[in-house]
Amino acid sequence: MTAQGFIATKEHRRFVEFADAVCRQHGIGICFGQAGIGKTLSARRCANWHKAENLLEQWGPRDRFRLSDLCRTGPGTQRLLHPAVPTSPQQIHAELGHISTRVSICVDQHLEKIDKKTGPPGSIGMHVELLIIDESGRLSATALELLRDRYNRDNIALILIGMPGIKKWFGRYAQLYSRVGFAHEYRPLAQEELNFVLERRWHKLGQTLDPEDFTEAQAIAAVARITRGNFRLIDRLFTQVERATKINELSTITDDVIEAARSTLVIGIS
Ligand SMILES: Nc1ncnc2c1ncn2[C@@H]1O[C@H](COP(=O)(O)OP(=O)(O)O)[C@@H](O)[C@H]1O
Ligand SMILES: [Mg+2]
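In the numbering used here, the protein residues as written are 2 to 271.
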């Protein structure tokens, strides 16, 4: 997904508001929703991760422009996104410590607290304000406990993202669950927004979409029925639509074209 391809949907804006609220309260929030609707992409944007990731992972020379880009939200508002990987809690702990330190060095350097010639001082300010854990349903009980502990000690805000089942799953951990102040449901695209997304898809195929046109309204209805507003399914469906329109040199995308594309998708769409 390129930065340009990102669509700032209503759900994305709701996610940003949710994250801001969790931050302000230094709270714990849970964000849940079905697979493929855009949770990860929203979180990446919200954490500025599409820009920060390379800088933090490659860890080479940091020019001023990139630093100010990364730190544009200023000190104390740094956000960190981490996918929950099924490794040991110790490893998660180590990785979080490692990446938090790097974020903080960048912020400090941006603030020119670090003298570039002498390198970082012994103690650096910790600037991570919000920790977002993606796919947190994969965390073990011990790893959850570790995160809760970190949340308590460092006074950071914490967001746990996962599938709808995570609410129930976390409910089993009273220590953590009793501290959850926000539960946010991430929803699929609603009709109006689906139209907006589809207009761009049509455009990509060199066509214009007119929802008032009967044939096109039917095609939109077919996409809505098949994908139920799920971004990933729309992507997959349109890869097939693109193929079909090219091979058959079609100038109009009808519901038949959409149905034919669906039938070529082997798995995932029923
Ligand atoms: N806001 C968006 N703009 C453009 N494409 C998106 C957006 N959100 C999701 N997508 C598309 O849908 C796919 C799945 O999104 P993702 O964030 O991984 O879903 P989830 O984390 O909910 O499973 C992405 O790879 C991307 O192609
Ligand atoms: Mg995801």
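Every residue, glycine too, gets a C-beta built ideally from N, C-alpha and C.
Exposure label - residue i; buried when at least 16 CB within 10 Å
i	result
T10	buried
F33	buried
A175	exposed
A223	buried
P165	exposed
G230	buried
H185	buried
E12	buried
S137	buried
G77	Legend: pLDDT at G77 = 43, less than 50; position of this residue unreliable, no value from coordinates given.
S271	Interpretation of S271 is limited by its pLDDT of 48, a score under 50 that renders its predicted location unreliable; the figure taken from the coordinates is listed afterwards. Classification for S271: exposed.
G123	Here the model assigns G123 a pLDDT of 48, short of 50, so the residue's position is not dependable, and the following value carries that caveat. Exposed, since its Cβ has fewer than 16 Cβ neighbours within 10 Å.
Rounded straight-line distance, which links the Cα of residue j to that of residue i
i	j	result
G163	L147	18 Å
Q252	P212	Strictly speaking, residue 252 in this sequence is Ser, with Gln absent from that position. So the alpha carbons of these two residues sit roughly 16 Å apart.
I100	D109	14 Å
I157	R149	10 Å
F232	K247	22 Å
F215	V258	15 Å
V23	F183	7 Å
F16	I31	11 Å
A245	N153	54 Å
G172	E217	45 Å
S179	L57	33 Å
R139	K169	14 Å
D256	E194	19 Å
R14	R226	25 Å
S89	A261	45 Å
Q35	F19	18 Å
Q26	A44	18 Å
L161	G6	25 Å
N249	I93	50 Å
E243	L210	15 Å
For residue j and residue i, believed in contact at Cβ under 8 Å, the rounded distance
i	j	result
R263	L238	6 Å
I221	L199	6 Å
V181	I29	5 Å
W203	I254	7 Å
Spatially closest choice to residue i from the options, by CA coordinates
i	options	result
P84	V108, K40, T102, D109	K40
Q192	T228, F215, G182, G207	T228
A95	E54, I160, A144, L56	A144
L82	T209, L159, V224	L159
E54	G166, Q208, V104	V104
T240	S43, A22, L266	L266
Q91	L56, S179, R151, K168	R151
L177	R188, P189, I235, S141	S141
I277	R25, F171, L42	Coverage of the chain is limited to positions 2 through 271, which leaves residue 277 absent and any answer about it impossible.
L37	L161, E260, Y187	At residue 37 the sequence reads Gly, which differs from the Leu that was named. It is Y187 whose Cα lies nearest to the Cα of G37.
Q59	A44, C107, I93, I167	C107
Original post:
With contact counted as at least three CB pairs below 8 Å, one residue from each stretch, are the region 131-145 and the region 38-53 in contact?
Top reply: Yes, the region 131-145 touches the region 38-53.
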